[in-house]
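Notes for the one structure printed next.
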Amino acid sequence: MSKDRFLTVTGEIGREDLGHCQPHEHVYIVNTIDQLICDLICMNNLPKSAEEMKLYRKAGGRTVVDANPLATGRDALALQDISKLSDVNIIATTGYHIPKFYPENHWIRETSEEELAELFASEVTEGMFMGGSYYRPTVRTDVKAGLIKAMILADGLENKETVRCLRAAGRAAKQSGASIMVHTDGADELRMIDLLCGKIGLAPSKVLVCHVDRQVKDLKRHEEIASTGVFMEYDTITLFQFHNNEEELRMLRHMIDKDFLNQILLSTDPETDRMKSYGSMVGIDYILTHFIPLMKLYGFTAEEIMRITHENPADALRIG
């Protein structure tokens with residue numbers, strides 16, 4: 013039995029149980045204000061979301077991270093039910109997300125850094141709360157989060173609210189032993205990493221930088237971020253307005269040739285227009301059914317693919 017441990021919505025598992033893992037997906041979102049204006053995040057049909065996970069399991073998937081944190085439509089008990097129905101390990105997230113989820117005077121905006129850090133950490137160590145999208149949550153479950161979410165936008169660390177919440181999430185990661193994934197919009201990644209690792213004291217291997225493949229032109233920037241030792245999420249596979257598969261494969265090959273193989277992670281970060289169970293032609297299983305076969309045709313070795321899809325997620329997501 014591996015000493016590495018991972019917190020899923022159905023309990024703790026070991027490294028040998030993680031299998032093929034996609035560390036940035038969205039499974040089920042319900043009762044959040046953004047669904048009033050964005051139907052692409054209305055993945056609020058539990059049977060359909062369970063079916064999406066069954067398709068992923070059938071294709072060979074074993075674990076996903078549901079990347080919706082506290083107060084953004086996350087439902088801990090529904091994720092637990094979906095996991096049991098599909099036989100897919102689901103790692104849930106705590107933390108915070110982009111501002112559109114929080115209307116003016118939302119409780120997240122009015123809670124101190126210290127309180128947020130304690131709250132986020134407690135969702136890993138004690139259990140996740142239900143609700144929170146509209147009111148401060150009060151009902152805690154025994155379903156634990158296994159990862160912390162944070163974000164920086166295009167204005168980066170010039171935004172004081174961003175810095176406050178990022179520091180809270182980083183402190184929660186340090187306290188709980190969970191890793192932190194950070195939504196990025198192509199700015200200030202290096203300063204963000206310095207804050208989390210240089211000032212708060214997280215190991216770079218505890219930081220997952222999201223959406224690095226949205227920017228496909230300047231691969232020197234990819235190298236600069238990866239040179240800090242963080243994990244690089246190439247998580248917009250199937251999001252073809254940013255790049256096609258050939259461009260994604262070239263990015264991955266470039267980064268492997270630059271000796272960053274052990275830091276690469278793959279995911280789809282879907283909305284409903286990229287989930288089969290909600291009517292799309294592509295799904296969360298696309299990496300398994302289409303992209304990995306393309307990797308093989310492109311010359312990626314079995315060892316490289318196993319490292320990216322099995323070993324790297326395990327190294328990135330373990331607790332402690």
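Take this note's numbering: the last position of the sequence shown gets the number 332, and nothing is skipped along the way. Glycine included, every Cβ here is placed at the ideal spot set by N, Cα and C. These numbers were taken from a predicted model, which means no experiment stands behind them.
Start-to-end residues for the beta strand (DSSP E) that takes in residue i
{"i": "L159", "result": "L159 to M163"}
{"i": "A326", "result": "No beta strand (DSSP E) contains A326, which is instead part of the alpha helix (DSSP H) from N324 to L329."}
{"i": "M193", "result": "I192 to H195"}
Residue i in three-state terms, based on DSSP
{"i": "Y298", "result": "helix"}
{"i": "Y246", "result": "strand"}
{"i": "D200", "result": "coil"}
{"i": "G182", "result": "helix"}
{"i": "L89", "result": "helix"}
{"i": "V224", "result": "helix"}
{"i": "M13", "result": "Since pLDDT at M13 reaches only 46, below the 50 mark, its modelled position is unreliable, and the value read off the structure follows with that caveat. Here M13 sits in coil by DSSP."}
{"i": "V42", "result": "coil"}
{"i": "G31", "result": "coil"}
{"i": "G332", "result": "coil"}
{"i": "G73", "result": "coil"}
{"i": "K96", "result": "helix"}
{"i": "H109", "result": "coil"}
{"i": "I174", "result": "Note on residue identity: the sequence assigns Thr, not Ile, to residue 174. DSSP places T174 in helix when its eight states are reduced to three."}
{"i": "E116", "result": "coil"}
{"i": "E135", "result": "helix"}
C-beta contact flag for residue i and residue j at 8 Å
{"i": "P305", "j": "I296", "result": "no"}
{"i": "A326", "j": "R27", "result": "yes"}
{"i": "M55", "j": "Y290", "result": "yes"}
{"i": "T20", "j": "I103", "result": "yes"}
{"i": "L278", "j": "T321", "result": "yes"}
{"i": "N101", "j": "I25", "result": "yes"}
{"i": "G158", "j": "I331", "result": "yes"}
{"i": "E236", "j": "L264", "result": "no"}
{"i": "A215", "j": "Q275", "result": "no"}
{"i": "T248", "j": "R226", "result": "yes"}
{"i": "V155", "j": "V194", "result": "no"}
{"i": "D285", "j": "L52", "result": "yes"}
{"i": "G144", "j": "L82", "result": "yes"}
{"i": "A328", "j": "F243", "result": "yes"}
{"i": "A90", "j": "M140", "result": "no"}
{"i": "L273", "j": "E245", "result": "no"}
{"i": "A129", "j": "A166", "result": "no"}
{"i": "T301", "j": "T280", "result": "no"}
{"i": "Q92", "j": "T150", "result": "no"}
{"i": "M318", "j": "L261", "result": "no"}
Beta-bridge partners of residue i, as assigned by DSSP
{"i": "R152", "result": "F141"}
{"i": "I304", "result": "In DSSP, I304 forms no bridge with anything."}
{"i": "D78", "result": "E37 and A104"}
{"i": "E24", "result": "L19"}
{"i": "I276", "result": "M244"}
{"i": "V219", "result": "I192"}
Boundaries (first-last residue) of the alpha helix (DSSP H) holding residue i
{"i": "L208", "result": "L208 -> no alpha helix (DSSP H), and no H or E assigned at all."}
{"i": "K288", "result": "Taken as a continuous stretch (DSSP letters only), K288 belongs to no alpha helix (DSSP H), as it is neither H nor E."}
{"i": "I120", "result": "It is not in any alpha helix (DSSP H) - I120 carries neither H nor E in the DSSP assignment."}
{"i": "H255", "result": "It is not in any alpha helix (DSSP H) - H255 carries neither H nor E in the DSSP assignment."}
{"i": "L58", "result": "L58 to K70"}
{"i": "R233", "result": "L231 to A238"}
{"i": "I317", "result": "A314 to M318"}
Any non-hydrogen atom of the ligand GDP closer than 7 Å to residue i Cβ
{"i": "L306", "result": "With respect to the ligand GDP, the structure offers nothing, as it holds no ligand at all."}
When you compare the segment 106-121 with the segment 170-185, are there three or more beta-carbon pairs, one atom per stretch, that lie closer than 8 Å?
Short answer: they touch.
The segment 29-39 contacting the segment 72-80, beta-carbon criterion three pairs below 8 Å
Touching, yes.
Are at least three pairs of beta-carbons, each pair with one atom in the segment 183-200 and one in the segment 125-140, less than 8 Å apart?
yes
With contact counted as at least three CB pairs below 8 Å, one residue from each stretch, are the segment 43-50 and the segment 120-129 in contact?
no
Three or more C-beta pairs closer than 8 Å, one from the segment 162-173 and one from the segment 187-207: is that the case here?
yes
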